[in-house]
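J.:
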Amino acid sequence: MQFQHIAGVGTRLWRWSRSSGTQPRLLHAGKAAAAAALAWVLARHVPGVASDYPYYAPLGAVVAMQTTVFAGLRSGVQTLVGIALGIAVAAFTMWVGEPGVLAVALAVGVGVLVGGFRILGEGSSWVSTAALFVLLVGGAHAEGYSLGYLVQMAVGVVVGLLVNFLVFPPLRFWDAERRIDQVNGVLAEHLDGLADVLEHGDRDERAWDRAQDRLDRAIADVRSRVSIAQESRRINPRGALRGSRARLQRDGARFRALERVAWYTTDLTELVARSGPVSANLGRPDEAFTGPLVTAIRQVAAMVRGDHPPDEGDRAISALEQALDASHEYPSDVAVTSSALVSLRGIVESERRATQDVDTETGPAAGPARSGLRARLGRGRRA
Numbered sequence: 001m002q003f004q005h006i007a008g009v010g011t012r013l014w015r016w017s018r019s020s021g022t023q024p025r026l027l028h029a030g031k032a033a034a035a036a037a038l039a040w041v042l043a044r045h046v047p048g049v050a051s052d053y054p055y056y057a058p059l060g061a062v063v064a065m066q067t068t069v070f071a072g073l074r075s076g077v078q079t080l081v082g083i084a085l086g087i088a089v090a091a092f093t094m095w096v097g098e099p100g101v102l103a104v105a106l107a108v109g110v111g112v113l114v115g116g117f118r119i120l121g122e123g124s125s126w127v128s129t130a131a132l133f134v135l136l137v138g139g140a141h142a143e144g145y146s147l148g149y150l151v152q153m154a155v156g157v158v159v160g161l162l163v164n165f166l167v168f169p170p171l172r173f174w175d176a177e178r179r180i181d182q183v184n185g186v187l188a189e190h191l192d193g194l195a196d197v198l199e200h201g202d203r204d205e206r207a208w209d210r211a212q213d214r215l216d217r218a219i220a221d222v223r224s225r226v227s228i229a230q231e232s233r234r235i236n237p238r239g240a241l242r243g244s245r246a247r248l249q250r251d252g253a254r255f256r257a258l259e260r261v262a263w264y265t266t267d268l269t270e271l272v273a274r275s276g277p278v279s280a281n282l283g284r285p286d287e288a289f290t291g292p293l294v295t296a297i298r299q300v301a302a303m304v305r306g307d308h309p310p311d312e313g314d315r316a317i318s319a320l321e322q323a324l325d326a327s328h329e330y331p332s333d334v335a336v337t338s339s340a341l342v343s344l345r346g347i348v349e350s351e352r353r354a355t356q357d358v359d360t361e362t363g364p365a366a367g368p369a370r371s372g373l374r375a376r377l378g379r380g381r382r383a
């Protein structure tokens with residue numbers, strides 16, 4: 001019994017570490033530590049004057065140890081180019097005059113100016129830094145220091161790239177998928193809040209502004225994570241494994257659907273909560289439309305959350321359409337509700353387009369409700 005309890009705790013900890021992103025962070029930290037240690041060992045055996053500056057090699061390894069192999073290569077190359085330019089700036093400064101206050105100011109000024117080119121990327125900040133190091137730390141031995149600085153940084157960058165490439169090269173799919181699931185919860189909560197406002201007639205402009213800002217930030221965050229997931233396949237031997245391309249395509253489809261759903265949700269919010277039926281000048285809409293519209297919004301929210309398939313949203317929207325067809329009064333309410341129907345239908349169709357294969361659903365990929373939905377659809381989600 002005690003063993004089962006311990007095993008259960010271990011299982012929960014494992015799931016938490018995976019869902020929270022702790023596992024990839026621990027792996028990344030371990031690889032960075034190993035790369036820095038290896039770079040330090042190798043740096044002490046580099047021939048020539050560079051062996052006097054072994055402490056720069058671990059720094060180069062850390063620079064190259066990025067979240068993806070391609071990002072590490074890009075960062076390493078940009079850093080080395082920035083250091084080389086900084087050494088050139090320092091040489092120019094020393095040629096102009098003796099090291100001193102004016103030389104420091106000139107090195108920093110020229111270094112910042114040269115580092116302003118966007119093509120340098122992460123190497124831009126290294127231009128002025130390297131210029132100062134050569135000028136102040138190198139001093140009378142600037143030539144040997146410059147060579148050792150650049151060589152040892154290159155040794156560290158190469159070691160970091162090799163470790164990141166050979167030891168479980170990262171594929172960032174899980175991070176993007178987890179965040180997509182979370183943002184679907186944000187969207188569903190937003191829609192439920194809209195239904196509450198529509199039902200009770202109370203609205204809070206500041207609350208809607210905060211909710212919209214939160215949604216905008218979440219979408220931008222997902223876009224960044226999906227981009228990193230796409231980048232993680234580049235120069236990655238694991239990217240050639242069976243299923244990685246398909247998984248990346250599924251994530252892209254889920255994100256595109258998520259963007260469309262977010263756009264329609266924002267449009268629906270502007271229509272109903274700000275300028276439509278519950279705006280200050282119109283008050284609550286007629287009950288003939290309020291009930292079906294609230295039901296439709298709640299069903300669509302449940303669909304986005306993953307509790308129901310798109311068919312449930314279709315049925316709720318059909319009921320709202322029937323209420324409109326039966327109406328011959330309240331033209332302003334009819335117009336607003338008809339426009340709201342367009343947004344609701346857009347959300348449902350976006351969900352359906354992304355769920356042609358259940359693996360690309362915009363809703364969460366785990367939980368009892370999702371499991372029941374998978375059973376009804378007759379498919380299973382691949383791990």
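Mapping of the sequence shown onto full-length UniProt numbering: residues 1 to 383, in sequence order.
Cβ atoms here follow ideal geometry from the backbone N, Cα and C, with glycine treated the same way.
Is DSSP giving His-141 helix, strand or coil here?
T.: Reduced to three states, the DSSP call for His-141 is helix.
J.: Is the beta carbon of Leu-293 closer than 8 Å to that of Ala-340?
T.: Yes; because the gap between Cβ atoms is below 8 Å, this pair is in contact.
J.: Taking DSSP as the reference, what is the three-state secondary structure of Phe-255?
T.: Of the three classes helix, strand and coil, the one that applies to Phe-255 here is helix, per DSSP.
J.: Helix, strand or coil: how does DSSP classify Val-46 here?
T.: Coil, per DSSP.
J.: Am I right that Ala-130 and Ile-180 are in contact with their C-beta atoms under 8 Å? What's the rounded C-beta distance?
T.: Not confirmed; about 40 Å, so no contact.
J.: If we call anything under 8 Å between Cβ atoms a contact, is Ala-61 one with Ala-39?
T.: Cβ distance < 8 Å, so Ala-61 and Ala-39 count as in contact.
J.: To the nearest angstrom, how far is the alpha carbon of Ser-343 from that of Thr-265?
T.: About 7 Å.
J.: When the Cα atoms are used, what is the spatial distance from Ser-125 to Ile-87?
T.: Answer to the nearest angstrom: the Cα atoms are 13 Å apart.
J.: Say whether the stretch 48-57 touches the stretch 116-125, bearing in mind that this needs 3 or more beta-carbon pairs closer than 8 Å, one atom from each stretch.
T.: No: the two stretches stay apart, fewer than three of their Cβ pairs being nearer than 8 Å.
J.: Terminal residues of the continuous alpha helix (DSSP H) containing Phe-92?
T.: Note, Phe-92: alpha helix (DSSP H), 69-96.
J.: Starting from Gln-322 and walking both ways along the alpha helix (DSSP H), at which residues does that stretch end?
T.: Residues 310-325.
J.: Quick one: using the 10 Å Cβ neighbour count with 16 as the cut-off for buried, is Leu-182 buried or exposed?
T.: For clarity, residue 182 is Gln in the given sequence; the question names Leu instead. Burial call: exposed.
J.: Pull up the CB-CB distance for Val-186 and Ala-229, whole angstroms please, since I reckon it's below 8 Å.
T.: That belief does not hold up - the Cβ atoms of Val-186 and Ala-229 are roughly 19 Å apart, past 8 Å.
J.: Does the beta carbon of Arg-233 sit closer than 8 Å to a beta carbon anywhere in chain B?
T.: Considering every chain present, this structure includes no chain B. It has just one protein chain.
J.: Leaving out the 5 sequence neighbours to the left and right, which residues in its chain are closer than 8 Å to Leu-150 when beta-carbon positions are compared?
T.: The answer, listed in chain order, is Leu-80, Ile-83, Ala-84 and Ile-87.
J.: By Cβ distance, which residues of its chain are closer than 7 Å to Ala-122, with the 5 residues on each side in sequence left out?
T.: Residue identity check: residue 122 is Glu in the sequence provided, not Ala. So the qualifying residues of the chain are Ser-75, Gln-78 and Thr-79.
J.: Please tell me whether Val-222 and Val-300 are closer than 8 Å, where the distance is taken between their beta carbons.
T.: Against a cut-off of 8 Å, the Cβ pair of Val-300 and Val-222 comes out as no contact.
J.: Under the three-state reduction of DSSP, which class applies to Met-65: helix, strand or coil?
T.: Met-65: coil per DSSP, three-state reduction.
J.: Using 10 angstroms around the beta-carbon of Ala-154, count the other beta-carbons present and answer buried if the total reaches 16, otherwise exposed.
T.: Looking at its Cβ environment, which holds 16 or more other Cβ atoms inside 10 Å, Ala-154 is buried.
J.: Does the Cβ of Val-63 have 16 or more other Cβ atoms within 10 Å, making it buried, or fewer, making it exposed?
T.: Its Cβ being crowded by 16 or more others within 10 Å, Val-63 is buried.
J.: Under a Cβ-count criterion, where at least 16 other Cβ atoms within 10 Å of its own Cβ denotes burial, should Leu-106 be classed as buried or exposed?
T.: Buried, by the Cβ-count rule.
J.: Excluding the five sequence neighbours on either side, which residues of its own chain have a C-beta within less than 6 Å of the C-beta of Gln-66, listed in chain order?
T.: Around Gln-66: Gly-72 and Ser-75.
J.: Please classify Gly-111 as buried or exposed, where buried requires at least 16 other C-beta atoms within 10 Å of its C-beta.
T.: Classification for Gly-111: buried.
J.: Within 10 Å of its beta-carbon, does His-141 have 16 or more other beta-carbons around it, so buried, or fewer, so exposed?
T.: Its Cβ having fewer than 16 others within 10 Å, His-141 is exposed.
J.: Could you compute how far the alpha carbon of Leu-102 sits from the alpha carbon of Gly-139?
T.: Leu-102 and Gly-139: Cα-Cα distance of roughly 15 Å.
J.: Return yes when the Cβ of Ser-232 is within less than 8 Å of the Cβ of residue 394, no when it is not.
T.: The chain is shown only over 1 to 383; residue 394 falls outside these bounds and no answer can be derived.
J.: Are the CB atoms of Ala-198 and Thr-337 nearer to each other than 8 Å?
T.: Here the sequence assigns Leu to residue 198, which means Ala is not the residue at that position. No, they are not a contact pair.
J.: Among Leu-27, Val-304 and Asp-251, which residue has its Cα nearest to the Cα of Trp-174?
T.: Among Leu-27, Val-304 and Asp-251, the Cα nearest to that of Trp-174 belongs to Asp-251.
J.: Flag this pair as yes or no: are the beta carbons of Arg-353 and Ala-257 separated by less than 8 Å?
T.: The answer is yes: Cβ separation under 8 Å.
J.: What's the gap between the Cα of Arg-247 and the Cα of Val-226?
T.: Cα to Cα, Arg-247 sits roughly 11 Å from Val-226.
J.: Secondary structure at Val-167, three-state DSSP: helix, strand or coil?
T.: Reduced to three states, the DSSP call for Val-167 is coil.
J.: Is residue 400 helix, strand or coil when you go by DSSP?
T.: Nothing can be reported for residue 400: it is not among the residues displayed for the chain, which extend from 1 to 383.
J.: Which value, in whole angstroms, describes the spacing of the CA atoms of Arg-381 and Ala-302?
T.: Low confidence applies to Arg-381: its pLDDT is 35, below 50, so where it sits in the model is not reliable, and the reading given next is rough at best. Cα to Cα, the separation comes out at about 19 Å.
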